[in-house]
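Below is one structure, written out as structure tokens, with a few remarks after it.
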């Protein structure tokens, strides 16, 4: 068990949180929730030992192993994928080398009666007992199993890690953590750069093989599937619920309703007493009563209501100009990069008003198909856009196209039309750009902030075909819900490239699966598709056994 005792974090006199205490028990699966800026990542770093609190301490048993996966990695090296992942066993390999070195030394020394010789005997005995107590493992096979589960293929194992994107390097770090089999795994947004199949594999691993886990994630389905306890960080304190995320939302709603009732009652009591004080403060016969009530109000501890979301913002798209019956028609389309075939003879027809999802492992051609539709790359075969198809496109580089010299408010003010013009501040607040932040220049924003701003900009433009490539990676759950509701009501055609199952659920009604150099059409929503895929996997498993 690990104990977090009276942790406090202060920056320049301002408390991020204070007197936070809780325990993490063996096999706990905890979701750490709260709005952006509440201190979730800071708390995770403190538990990991990567940061120190202003006050308080973290205690854990001797030899307790904590592994931490941060949101952003800054690692650079010249190892291959296999070599880097195998570093998970570095301490075991070091122990083995040390035992061999001591045994070699003992064979050549002749001072059998000396203290130094006896100390070497004791040391090698202690190391050997520890080493041989470790379960015998085929290390290379373990590394291969984990890497392939996380989406790598065998040909990747010998490639330098420098050839991989940040998202894939994150998976290598995750592989090292899973291979170490620590007592506690701390994960900060682990699914941002993972495809649906890899996320499902990670879920099953964490549920069946991991010990204690604490995770920060905006992927609602992932959190709901793996956790059984939710700790909310809010207004400098925590609330600990023995419940998974979806149940926690109901309990939090009840808690805030009780807080609101108590707050309202206290405000009425304060108003009644203040009225009495104001009315009788000059009346001699009421002096003692007035003084008593003044003292009572001075000592009163005000009731706070935890961050109630009062912005019931509903984002509505402008009406879509009418397009032809089939806005996108792809026929026998093929794309290769040198000898690497992405897909062959792909066919897809998307009807006006359809909402479809492109899914599949990373690198199987989802974004490539989007680029072909946008005519950004050369390809073989044909791609036609229907009559009057007006496309709004959100790509991963969308943020770089913003005007850096404009403020956040000016960026949106220039394109907003209709009723939303009167609610730009509410809209920006819902996307975490409230208050003075809206006056910041775009050029000083982080990559994630620019992505969110580009998303708002796109969602306000009148189009009839929306293509969104991984739109939710930098969005919290509240913002995703706002966008999802708006997309449900969008009367145009929608193409979504996403690994976020909760976001796709109830939104996409058809799935195009990318894999094995082809594109396969499924006439199910994302839930039906995932159920079918698990059945296929079971059949494959049974076939492999027979």
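In the UniProt record's numbering, the protein residues as written are 1 to 546. Quick reminder that beta carbons are idealized off the backbone N, C-alpha and C, glycines included.
- Judged by their CB atoms, residue 316 and residue 88 are not nearer to each other than the 8 Å cut-off.
- Here the alpha carbon of residue 132 sits roughly 10 Å from the alpha carbon of residue 92.
- Segment contact: the region 318 to 328 against the region 279 to 287, fewer than three CB-CB distances shorter than 8 Å; contact not assigned.
- Around the Cβ of residue 300, a 10 Å sphere holds fewer than 16 other Cβ atoms; the residue is exposed.
- Here residue 364 is buried: its Cβ has 16 or more other Cβ atoms, across all protein chains shown, within 10 Å.
- The Cβ atoms of residue 330 and residue 383 sit closer than 8 Å to each other.
- Comparing C-alpha distances from residue 218 to each of 243, 43, 190, 144 shows the shortest one belongs to 190.
- Taking all protein chains shown into account, residue 422 has fewer than 16 neighbouring C-beta atoms within 10 Å of its C-beta and is therefore exposed.
- DSSP places residue 431 outside any alpha helix (DSSP H), giving it a letter other than H or E.
- Under the criterion of beta carbons closer than 8 Å, residue 397 and residue 192 do not qualify as touching, at roughly 16 Å.
- Taking the CA atoms as reference points, residue 9 sits about 56 Å from residue 113.
- Contact check for residue 371 and residue 508: beta-carbon distance about 20 Å, past the 8 Å limit, so the pair fails to qualify.
- Looking at the DSSP output, residue 519 sits in a beta bridge with 514.
- Judged by beta-carbon spacing, residue 333 lies beyond the 8 Å limit of residue 394, meaning their Cβ atoms are not closer than that value.
- Take residue 224, set aside five residues on each side of it, and the residues of its chain with a beta-carbon closer than 6 Å to its own are 244, 245, 246, in chain order.
- Under a 10 Å Cβ-count criterion, residue 464 is classified as buried, with 16 or more other Cβ atoms of the shown protein chains found around its own Cβ.
- Just so you know, the alpha carbons of residue 374 and residue 48 end up roughly 44 Å apart.
- Look at residue 237 here: in three-state DSSP terms it is strand.
- Contact between the region 27 to 35 and the region 206 to 217 is present, with at least three C-beta pairs closer than 8 Å.
- Judged by DSSP secondary structure, residue 28 falls outside any alpha helix (DSSP H); it is assigned neither H nor E.
- For the options 518, 511, 45, the alpha carbon positioned closest to that of residue 526 is the one of 511.
- The Cβ neighbour count for residue 453, taken over all protein chains shown within 10 Å, is at least 16; the residue is labelled buried.
- Of 276, 305, 328, the smallest CA-CA separation from residue 294 is found for 276.
- Annotated three-state conformation of residue 305 is coil, per DSSP.
- Within the region 175 to 258, the runs of alpha helix (DSSP H) that reach at least 4 residues and sit entirely inside it are, in chain order, 196 to 208, 220 to 226.
- Within the same chain, 150 come within 6 Å of residue 171 by CB-CB distance, once the 5 residues on both sides are set aside.
- Within the same chain, and ignoring the five residues on either side of residue 163 in sequence, no residue has its Cβ closer than 8 Å to its Cβ.
- Look at residue 361 here: in three-state DSSP terms it is coil, with no helix or strand label.
- When Cβ pairs closer than 8 Å are counted between the two stretches, the region 491 to 507 is seen not to touch the region 420 to 435, the count staying below three.
- Exclusion of the five residues before and after residue 351 leaves 325, 326 as the residues of its chain whose Cβ lies within less than 7 Å of its Cβ.
- In the assembly as shown, residue 492 is a buried residue. Its beta-carbon has 16 or more other beta-carbons within 10 Å.
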